[in-house]
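**Q** Just so you know, the sequences run in chain order B and U. Take the first sequence: its letters are residues 157 to 709, numbered as in this note's numbering. Take the second sequence: its letters are residues 292 to 592, numbered as in this note's numbering. Where is the CB? At the ideal position from N, CA and C, for every residue including glycine. Mind looking over this structure? Questions follow.
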Amino acid sequence: MHQASLPIDRRRGRAAWVAPVKGAADASVPPLAVFALERGAMRLTAVDAVAARRGLSVGLGLADARAMVPELVVVEAEPALDAALLEAIAVWCDRYTPLVGLDAPDGLFLDIAGAAHLMGDEAGLIDDLLRRLTDQGFTARAAIAPTAGAAFALARFGSADRMILTERAQIADALAPLPVAALRLEPAVVAGLERVGLKTIGDVVVRPRAPLVARFGAGLGRRLDQALGHLDEPISPRRPAPRLMAERRFAEPIGADVDIAATVFSLAEGLAEALERRAQGARLFELSLYRVDGAVQAVTVGASRPLRDPAMVVRLFVEKLGRFADPDAVGYGYDMVRLAVMATGADDPSQIDLAGSRAGEIELDRLIDQWGARLGVARVGRLLPGDAHVPEQASVCVPAQAVKAQAVAAWAGEARPAAEEPAERPLILLDPPEPAEALAELPEGPPIRFRWRRALYDVVKVEGPERLALPWWTRPPDDHGFDPAPPPASSLPAAWPLGLPGAPEPGRAARASFTRDYFRAEDRSGRRFWLYREGLLAAETGRPRWFVHGLFA
Amino acid sequence: MARETVVSLRRAIAVLEGRAVERLTVSDLSGPRAPCDAVASPHPIGSPPAPIRTDIVPFEVPALDRLFAAGGLTRAGFHEVRAHESRDGAAALGFALAVGARILAGRAGAFVFVTEPRAVLEGARLHGPGLHQFGLDPARVVCVAAPRVKDALTVMEDALACRGVAVVLGAVHGQPDALDMTASRRLSLRAREGGGTALLWRPGAPAEPTAALTRFCVAPAPSAALGGYTAGVGRAAFDVDVEKNRDGRTGHASLAWDHHDRRFTPHAAPSVARPAAPVDRPAAAQGMGGAVLAWPGHGRA
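Structure follows, in structure tokens:
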């Protein structure tokens, strides 16, 4: 088994999408070049095959190029779009191997160790890759080599657009005729080497190493060793590699939801065997659907407890399949489906024991997974005590998957009021606190009457204040203590702000450091409120404001 | 119509609805329904106390328990808790949570709290520390924030069919179209089959017909002094109207919630003068009509 890599060189810019040139020798197509501002001048950054044959090359000034080829079509470079396109191609390349690394701006590394046999052999893989890319309008070159450095050199500077090198021993010979630029060196180092007459890699390899390194830096030695395989060079994959995965390719694309579900089931069956051998269950699944036209759709679902039953796996995805099977999403159909296990957990022996309350708990966990898949993981939560005395952060709602044990432990440690003590915290917490107009004694008296949500309430019983000093370190540097504009009405959340305490609303950050005096108040009818006065008179603010923060039963 | 015919018809309905048949006797139908608390217990005086039933959740407040033929709330059933006005929703939610806390104390399983966006705006946001002090273990609560009423009802049905769920409390504001007779009947059936308790919190909803076994209309009551401190705010207290009761009679009771011992106690504080709830006809016939009076210009006080 050898480590193999395969860079793809994308020679054309974004324009390749706009005007895909098949059979680039066609003279009727006007030459195309991409330019950008470089070193103070407009220079060409990419040229197509027609332009190259007319004598244009990368680095030429735009004015010179136009003088040489008057009918040249020029497009300004858009690096962000190029990067996005490269990213999209990387996603598409996931069909060959999960380990795809970006080599910006115009290359990709694919670690195909153990993956080539899926396409027959290395030649089959490289042919399939280049054929599919060419069909989509890309001009690409690829090389397979035992090291990433060698693959880079061969793909960019090799004699053919596809090269395969399988033995480490061949690397030195294959790289020898290539220019030193193929070693991925700094431009200054390349220029320096060329100035002293070392134009090819072969010239450099045969020289004694020490003087070269002394003159051109350690980078040269490192790159040489990496290319020749003396030094290991890991490819940093774009995404975490799955623990396990199963995939299926189709000669005829599929699109119906039942077909996708059946495929997921059979893939999950394959994974279940592998998981069982490892005595593990899957906690996180990713389903990727590769469309014929190159688009990739993926969805991730989590499981509350380690899982391997194929029927359960399908049930997790069943809520999402409708979206994939939508005619707009299907397009010409999917020709490959992959199910990957992104995270695993130790197998739970209780999966076999299906009796008593344990079975009920397992059922609930599965239900939570289903709700999470249907409504969104953030919409299904459990309450956890927050590590703060600020009421807004005293309790957080976190996604319910996998925090049950934590919740039980956390709440067991919280104190409950004694028999003759009232509850000090409200059942309902309004977030954000809602402004109220209150009549109260100055400077620190309890509220006597207040208006909230346009209704007036007479306070007949009141307890307080409970003074909460909020963290002073959240005070913005330019805050002089007087209250800013009230928060806009639109800052009221439209839906339950589940999840972790998010960014504070506008206007709230500035007030966040005011001291709050909380009162429990009861009105004449028995409605019980939790109100607070924000800001100490004179010390913090000239006009303390009142808020209703919670409701008691 | 002959009384026997009525009884036989009601028996047939009871069989269809899966209720206990033997509770219905001719004597149940005798005489006009007495208003409020003035009526005697349906159990004959001097009869031996009924054995403790696990399918019943007693309130342990005689004024309320005697309204139910079985002596308490049917556990495997669907019950509605509403409030006349949206601003009394907190009291109604507190009552529903207290009932939930009592059920949780008696059996294993989770408490699933399902909300829809409008109910969240009306205050369906549970505060963990507050719940903990109220007597409902927050560790057993699973919150589901559904994006639509329809989704919320589906989640409730799913939860009722699950063995790991003891109580499902849904929060739905007003009268959404999705919550029609069919939907409430489905909830009722799921609760009966699954054995869980379905509670539906509806602040500002009118007393419309649903398939619920019971419907409570809850208003807050002034709290009594706690620990001898008369100026302070005491325990949660509720004025509960049983507006609809398929397991017994309608009526009214005043309760307080002892959050320390997780039990209801009779509430003795003088109740504020409020119009007596009609017991013999739907609340829609009342002057207010149970209208959705969302935060009217001034309080009732």
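Using the Cα positions of U:His-370 and B:Leu-431, report the straight-line distance between them to the nearest angstrom.
**A** 45 Å
**Q** Within 8 Å (strictly less), CB to CB, does B:His-681 reach chain U?
**A** A small fix is needed here, since residue 681 of chain B is Ser in this sequence, not His. B:Ser-681 counts as touching chain U.
**Q** Check distances from the C-beta atoms of the stretch 690 to 709 of chain B to those of chain U and list, in chain order, the residues that come in under 8 Å.
**A** Gly-706, Leu-707, Phe-708, Ala-709
**Q** What is the DSSP secondary structure of B:Ser-422, reduced to helix, strand or coil?
**A** The three-state reading of DSSP puts B:Ser-422 in helix, counting H, G and I together.
**Q** Between B:Ala-496 and chain U, is there a C-beta pair that is closer than 8 Å?
**A** no
**Q** Would you tell me roughly how many angstroms separate the C-alpha atoms of B:Gly-385 and B:Arg-530, rounded to the nearest one?
**A** 49 Å
**Q** Does B:Glu-323 pass the burial test, meaning 16 or more other C-beta atoms within 10 Å, or should it be called exposed?
**A** Result: exposed.
**Q** For U:Pro-557, go through chain B and note every residue whose CB falls closer than 9 Å to its CB, in chain order.
**A** Residues of chain B passing the Cβ test: none, with the nearest at roughly 16 Å.
**Q** Can you tell me whether DSSP reads U:Asp-468 as helix, strand or coil?
**A** Coil at U:Asp-468, not helix or strand.
**Q** DSSP state of U:Ser-475, grouped into three classes?
**A** helix
**Q** For B:Arg-351, name the three-state secondary structure that DSSP assigns.
**A** helix
**Q** Apart from the five residues just before and just after U:Ala-450, which ones in its own chain have a Cβ nearer than 6 Å to its Cβ?
**A** Val-403, Val-456, Val-459
**Q** How many angstroms separate the CA atom of B:Ala-337 from the CA atom of B:Leu-368?
**A** For B:Ala-337 and B:Leu-368, the distance between alpha carbons rounds to 16 Å.
**Q** Nearest-angstrom Cα distance between U:Glu-448 and B:Val-247?
**A** 39 Å
**Q** If you measure from the beta carbon of B:Lys-617 to each beta carbon in chain U, is any gap under 8 Å?
**A** yes
**Q** Verify the CB distance criterion: does U:Leu-422 have a CB-CB separation below 8 Å to chain B?
**A** Contacts with chain B at 8 Å (Cβ-Cβ) include U:Leu-422.
**Q** Distance cutoff 8 Å, beta carbons only. Does U:Thr-429 sit that close to anything in chain B?
**A** As written in the sequence, residue 429 of chain U is Pro, which differs from the Thr given in the question. Chain B has a Cβ within less than 8 Å of the Cβ of U:Pro-429.
**Q** Below 8 Å CB to CB, which residues in the same chain sit around B:Val-564 once its five sequence neighbours on both sides are set aside?
**A** none
**Q** On the three-state DSSP scale, how would you describe B:Ser-213?
**A** Under the three-state reduction of DSSP output, B:Ser-213 falls in the coil class, being neither helix nor strand.
**Q** Mind checking U:Glu-407: buried by the 16 CB within 10 Å criterion, or exposed?
**A** buried
**Q** Given a threshold of 16 other Cβ atoms within 10 Å of its Cβ, counted over all protein chains shown, does U:Ser-321 qualify as buried or as exposed?
**A** Model confidence at U:Ser-321 stands at a pLDDT of 48, short of 50, so the residue's coordinates are unreliable; what they give is reported in the following sentence. Taking a 10 Å sphere around the C-beta of U:Ser-321, we find fewer than 16 other C-beta atoms and assign the residue as exposed.
**Q** From B:Gly-358 to B:Arg-297, what distance separates their C-alpha atoms?
**A** Each residue's Cα considered, the two are about 22 Å apart.
**Q** Under 7 Å Cβ to Cβ from B:Ala-592, same chain only, skipping five residues before and after it: list those, please.
**A** Phe-606, Arg-607, Trp-608, Leu-687, Trp-702, Phe-703, Val-704
**Q** Please work out which residues of its chain come closer than 6 Å, Cβ to Cβ, to B:Arg-538, disregarding the five sequence neighbours upstream and downstream, and give them in chain order.
**A** Ala-556, Val-559, Ala-563
**Q** Check distances from the C-beta atoms of the stretch 528 to 555 of chain U to those of chain B and list, in chain order, the residues that come in under 9 Å.
**A** When CB distances to chain B are screened at a threshold of 9 Å, the residues of the stretch 528 to 555 of chain U falling below it are Ala-528, Phe-529, Asp-530, Trp-548, Asp-549, His-550, His-551, Asp-552, in chain order.
**Q** For a test of the three-state rule: what should DSSP assign to B:Leu-648, helix, strand or coil?
**A** Only weak support exists for where B:Leu-648 lies, its pLDDT of 34 falling under 50; the value from the coordinates is given anyway. It is coil, neither helix nor strand.
**Q** Excluding the 5 residues flanking B:Leu-212 on each side, which residues of the same chain have their C-beta closer than 8 Å to its C-beta?
**A** Pro-187, Ala-189, Leu-200, Val-203, Ala-221, Met-224, Val-225, Leu-228
**Q** Tell me the residue span of the alpha helix (DSSP H) that contains B:Ile-300.
**A** Not the alpha helix (DSSP H): B:Ile-300 falls in the beta strand (DSSP E), residues 298 to 300.
**Q** Taking contact to mean 3 or more Cβ pairs, one atom from each stretch, closer than 8 Å, check whether the stretch 518 to 532 of chain B and the stretch 380 to 390 of chain U are in contact.
**A** no
**Q** Starting from U:Leu-517, find everything on chain B with Cβ-Cβ shorter than 9 Å and list it in chain order.
**A** Glu-576, Glu-577, Pro-578
**Q** Excluding five sequence neighbours on each side, which residues of the same chain lie with their C-beta closer than 7 Å to the C-beta of B:Arg-379?
**A** Cβ within range, chain order: Gly-305, Leu-339, Arg-340, Leu-341.
**Q** So, does the stretch 528 to 547 of chain U touch the stretch 510 to 520 of chain U, judging by three or more C-beta pairs under 8 Å?
**A** yes
**Q** To the nearest whole angstrom, what separates the beta carbons of B:Pro-578 and U:Arg-526, a pair I think is in contact under 8 Å?
**A** 7 Å
**Q** Can you say whether U:Thr-445 is buried or exposed, counting buried as having 16 or more other CB atoms within 10 angstroms of its CB?
**A** U:Thr-445 comes out buried.
**Q** Could you pull out every unbroken beta strand (DSSP E) segment of at least 3 residues lying fully inside the stretch 521 to 567 of chain B, listed in chain order?
**A** 536 to 541, 551 to 555
**Q** With distances taken Cα to Cα, identify the nearest neighbour of B:Ala-706 among B:Leu-242, B:Arg-461, B:Leu-585, B:Ile-245.
**A** Note that residue 706 of chain B corresponds to Gly in the displayed sequence, not to Ala. Nearest C-alpha to B:Gly-706: B:Leu-585.
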